[in-house]
Structure formats: structure tokens, C-alpha cells
Amino acid sequence: SNGYETDNFERSDVGPNGSFGGKQKNSDTVVNDPVIFIHGNGDAALYAQAPLATGWSRSIQYFLEQNYTQAEIYSTTWGDAWGSGGNLLDTYSTMHTCSNLIYLRRFIEAVLKYTKAPKVDIIAHSLGVPIARRVIKGGTLIGTDGNCTLGPPLGSRVDTFLGIAGPNYGLCVCQMAQTFPSWCNALDGLYPGYTCQDQVLCAYTSSSCKQENYSAFLEKLNNDKNREADHIFAMWSDVDEVLLFRGMTWGKPTSRIPNMNGRWISDRNSHTAMKDLTELRQYEAVVHHSI
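With the UniProt record's numbering, the residue at position 101 of the sequence shown is 101, and numbering never jumps.
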């Protein structure tokens, strides 16, 4: 517990799929770097309900088959799980808020203290990618639910960070919608900016440009020089039906991560399949630092 009893990381309100991880008995040892899985909006730690709340069940099962133990794999449900009776549109209104980020920051800190591991690996999907990146980088946040301080950078305690289909530079569908719907907002949402220098068509630029004046949360995040981990990887799909426009924002993939060490691009996976059908690549990234 280490002082985290009141954080409700178990998420029993979601049911048995609300969380995963922990020693089965006190004598269990931690050999591998613990892996922390962070889901996207409206999802859950484990499979809850198709098509969106499929959780990390497939990935966790694969890691267990590769001789990881339950003491080395962790996930919790943040926000409202769609599969637990929540409304998908409601989940989109809970963005990069202080409450979500503080919850996940404390979860990562709790895993580090509980396992006593020098480093962890973090795999995140969808909106969980920019959220996890901010949680690791720490610092201060101005969110729609107030201001908060996350603490010092944690990147030195993370061996590998893998971001899957994350909207790190916003979404072009939000170009004309910086106030409605709420998840497009220009403060802590996915607003990509109204223009990009002389370019006005977000998804189809005719020349390269420097993206500026986009979501304050994302712009500060991407300009932060603190690394997320020793090894940083990203994966995305050219046919992602959530990111749209081949996942491009102002002529560049929105799922790229500054100073990443490698990336893999799918030509067939859906947004959810990028998480559910890439277990082997996830394992390769954290164990062999290749993708």
C-alpha cells in the first residue's frame, strides 16, 4: 500500500477488469522491469466491453506467457470506463485534467515503491500516450479542472516508453472546433491549431510548416526537453479510424514522439487493433529495445 490505500487503484467500481498486478505472495521476486500499461479514454485496464473497452488483456496474457509474473505487470483504470456503463461522449470530456494526471502519477510512483524496481517500462495507447508522457515529465499543469504540480521528472526511472496511436500533436478533426466538443479544446484538449504558418488545410499540407499555437497542453509537452525514458518508441497505423487522415497533423504523423528511438507503422490495423494485435512488438520494445 505504501500510503496509497485511498487512491482506489483497484477500481473495484469497474469490476474485476478494473486493474491488474501485484504479488501473489510476499516471497514473489521481481526479476524483469515491471511493465505499466496505460489505456486510452473510455477503455479499461482489462477487457470490459467491445469494441472500445478491450483493455490490455491480450498484451498481459502474452507477457505472462513470456515468463513475466503478475508481480511484474500493472494496470489500472483511469477515468470512466465505457464498458462499465459510462457514455463514450462523456469519456471524451475527461481530457488531460489534473485529476487524471495526478491519479496516474501516483500509480506509477506506487508501482516503483511497491516493486522496489530501479526502473519500469511504460506502454500507453491513444489518449493515454500524451497523458503518460506528461505524468513522466512532471512539472506544473493548467487544466480545465484547475492547476496542479505533478512533481520532478521520472524519466530516469523508466527504461522503455512505448506510445501507441497517441494524438501527440492534436487531431485535424479539431481544427475548426477549439471549444466544442470539449475534447478539442485549446487548453488541455486536442486542438491542432487553426493554421500552420501559411498552411490552412491541416490534413493535407502542400509544404512543410512549423506547428505553433496548438493545444497548450500538447505544445508545452512536446517542447519539454525531459525524456520519457532511456528508450522511446512509437507505433501508429495509416488506416486509423480515430486519428483519421492517415494519422497526419500538419503534414506529420501526430503519433510521433520527439526524440524517439524508433517507430513502426501499420497499413491495416484499426485504432483498437494497434493495441490489441501488437503484443509481440510491445514485448520486443521493452525487452530487446527494438520495434
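Where a beta carbon is used, it is the ideal one built from N, C-alpha and C, also for glycine. This structure is a prediction, so every number in the text was calculated from the model and none was measured.
Using the beta-carbon count (16 or more within 10 Å), is Met-176 buried or exposed?
-> In the sequence shown, counting from the first residue as 1, residue 176 sits at position 176. Exposed, by the Cβ-count rule.
Spatial distance of Tyr-204 from Arg-246 (CA atoms) | As a first step, residue 204 must be located in the sequence shown, where it is residue number 204. As a first step, residue 246 must be located in the sequence shown, where it is residue number 246. Going from the Cα of Tyr-204 to the Cα of Arg-246 covers about 10 Å.
Please name the residue, chosen from Lys-116, Asp-7, Asp-238 and Gly-138, that lies closest to Pro-152 on a Cα-to-Cα basis.
-> Sequence index remark: in the sequence shown, residue 152 carries index 152 (1-based). Ranking Lys-116, Asp-7, Asp-238 and Gly-138 by Cα distance to Pro-152 puts Gly-138 first.
Would the beta-carbon of Ala-216 fall within 8 Å of that of Ala-186?
-> Numbered from 1 along the sequence shown, position 216 holds the residue referred to as residue 216. Numbered from 1 along the sequence shown, position 186 holds the residue referred to as residue 186. Going by C-beta atoms, Ala-216 is nearer than 8 Å to Ala-186.
Nearest-angstrom Cα separation, counted from Val-173 out to Pro-192 | Here residue 192 refers to the residue found at position 192 of the sequence shown. Here residue 173 refers to the residue found at position 173 of the sequence shown. Between Pro-192 and Val-173, the C-alpha separation is close to 9 Å.
What residue from Gly-163, Thr-272, Asn-100 and Thr-76 has the CA that sits closest to Met-235's CA?
-> For the purposes of this step, residue 235 is identified with residue 235 of the sequence shown, where counting begins at 1. Minimum Cα distance to Met-235 is reached at Gly-163.
Which listed residue (Gly-21, Asp-28 and Val-35) has its alpha carbon closest to that of Phe-161 | Taking the first residue of the sequence shown as position 1, residue 161 is located at position 161. Comparing Cα-Cα distances from Phe-161 to each of Gly-21, Asp-28 and Val-35, the minimum goes to Val-35.
Can you tell me which of the three DSSP states Met-274 falls into?
-> What you label residue 274 is simply residue 274 of the sequence shown in a count that begins at 1. In this structure, Met-274 counts as helix in the three-state DSSP scheme.
Whose C-alpha, out of Lys-225, Trp-264 and Tyr-214, is nearest the C-alpha of Thr-238?
-> In the sequence shown, counting from the first residue as 1, residue 238 sits at position 238. Checking the displayed sequence, the identity of residue 238 turns out to be Asp instead of Thr. Considering only alpha carbons, the answer is Trp-264.
On the three-pair Cβ rule with 8 Å, is the stretch 249-260 touching the stretch 275-290?
-> no
Please classify Asn-2: does DSSP put it in a helix, a strand, or coil?
-> Within the sequence shown, the letter at position 2 stands for residue 2. In this structure, Asn-2 counts as coil in the three-state DSSP scheme.
For Val-111, name the three-state secondary structure that DSSP assigns.
-> By 1-based counting over the sequence shown, the position of residue 111 is 111. Val-111: helix per DSSP, three-state reduction.
How many Å lie between Val-286 and Cys-148 at the Cα?
-> Counting from 1 along the sequence shown, the entry for residue 286 is found at position 286. Counting from 1 along the sequence shown, the entry for residue 148 is found at position 148. Approximately 31 Å between the Cα atoms of the pair.
Keeping to the same chain, check which residues put their C-beta closer than 8 Å to that of Ser-126; ignore five residues upstream and five downstream.
-> Locating residue 126 in the sequence shown gives position 126, counting from the first residue. Contacts found: His-39, Gly-40, Asn-41, Asp-43, Ile-164, Ala-165, Gly-166, Pro-167, Val-242, His-271 and Lys-275.
Is DSSP giving Ile-73 helix, strand or coil here?
-> Counting from one through the sequence shown, the residue named residue 73 turns up at place 73. In the structure shown, Ile-73 sits in a strand (DSSP, three-state: E or B).
Provide the residue span of the beta strand (DSSP E) that contains Val-120, from first to last.
-> Position 120 of the sequence shown holds residue 120. Here the beta strand (DSSP E) through Val-120 covers 120-125.
Coarse secondary structure for Gln-211, derived from DSSP in three states | Residue 211 sits at position 211 when you count from the first residue of the sequence shown. Correct three-state label for Gln-211: coil.
Coarse secondary structure for Ala-50, derived from DSSP in three states | By one-based count along the sequence shown, residue 50 stands at place 50. Of the three classes helix, strand and coil, the one that applies to Ala-50 here is coil, per DSSP.
DSSP three-state assignment for Gly-128, whether helix, strand or coil | Taking the first residue of the sequence shown as 1, we reach residue 128 at position 128. Gly-128: helix per DSSP, three-state reduction.
Endpoints, alpha helix (DSSP H) assigned at His-288 | The sequence position of residue 288 within the sequence shown is 288, counting from 1. Where His-288 is concerned, the enclosing alpha helix (DSSP H) stretches over 279-288.
Starting from Ser-57 and walking both ways along the alpha helix (DSSP H), at which residues does that stretch end?
-> On the sequence shown, position 57 is the one that residue 57 refers to. Ser-57 -> alpha helix (DSSP H) spans 57-65.
Are Thr-69 and Ala-45 closer than 8 Å when you measure CB to CB?
-> By one-based count along the sequence shown, residue 69 stands at place 69. By one-based count along the sequence shown, residue 45 stands at place 45. It is not a contact, given that the beta carbons lie outside the stated cut-off.
Whose CA, out of Asn-17, Cys-184, Ser-12 and Ser-207, lies closest to the CA of Tyr-214?
-> Translated into positions along the sequence shown, residue 214 becomes position 214. Tyr-214 has its Cα closest to that of Cys-184, out of Asn-17, Cys-184, Ser-12 and Ser-207.
Beta-carbon spacing of Ile-73, Leu-104 below 8 Å | Translated into positions along the sequence shown, residue 73 becomes position 73. Translated into positions along the sequence shown, residue 104 becomes position 104. No, the pair does not count as a contact, with Cβ atoms beyond the cut-off.
To the nearest angstrom, report how far apart Glu-219 and Asn-100 are at their CA atoms.
-> On the sequence shown, residue 219 is found 219 positions in, with the first residue counted as 1. On the sequence shown, residue 100 is found 100 positions in, with the first residue counted as 1. Their Cα atoms are separated by approximately 19 Å.
Rounded separation between Arg-11 and Val-129 - CA only = On the sequence shown, residue 11 is found 11 positions in, with the first residue counted as 1. On the sequence shown, residue 129 is found 129 positions in, with the first residue counted as 1. Roughly 21 Å separates the two Cα atoms.
Other residues of its chain near Arg-157: CB distance less than 8 Å, five sequence neighbours each side excluded | Along the sequence shown, read from residue 1 onward, the residue named residue 157 stands at position 157. If we look at Arg-157 and ignore the five residues flanking it on each side, its Cβ neighbours are Leu-112, Pro-118, Lys-119 and Val-120.
Candidates Arg-227, Val-31 and Asp-80: which alpha carbon is nearest Val-135's?
-> The residue labelled residue 135 in the question sits at position 135 within the sequence shown. Among Arg-227, Val-31 and Asp-80, the Cα nearest to that of Val-135 belongs to Arg-227.
Which runs of the alpha helix (DSSP H), 4 residues or longer, sit entirely within the stretch 203-255?
-> 216-223
Compute the distance between the beta-carbons of Leu-154 and Ile-108, then report whether it is under 8 Å.
-> Within the sequence shown, numbered from 1, the residue matching residue 154 stands at position 154. Within the sequence shown, numbered from 1, the residue matching residue 108 stands at position 108. Contact: yes.
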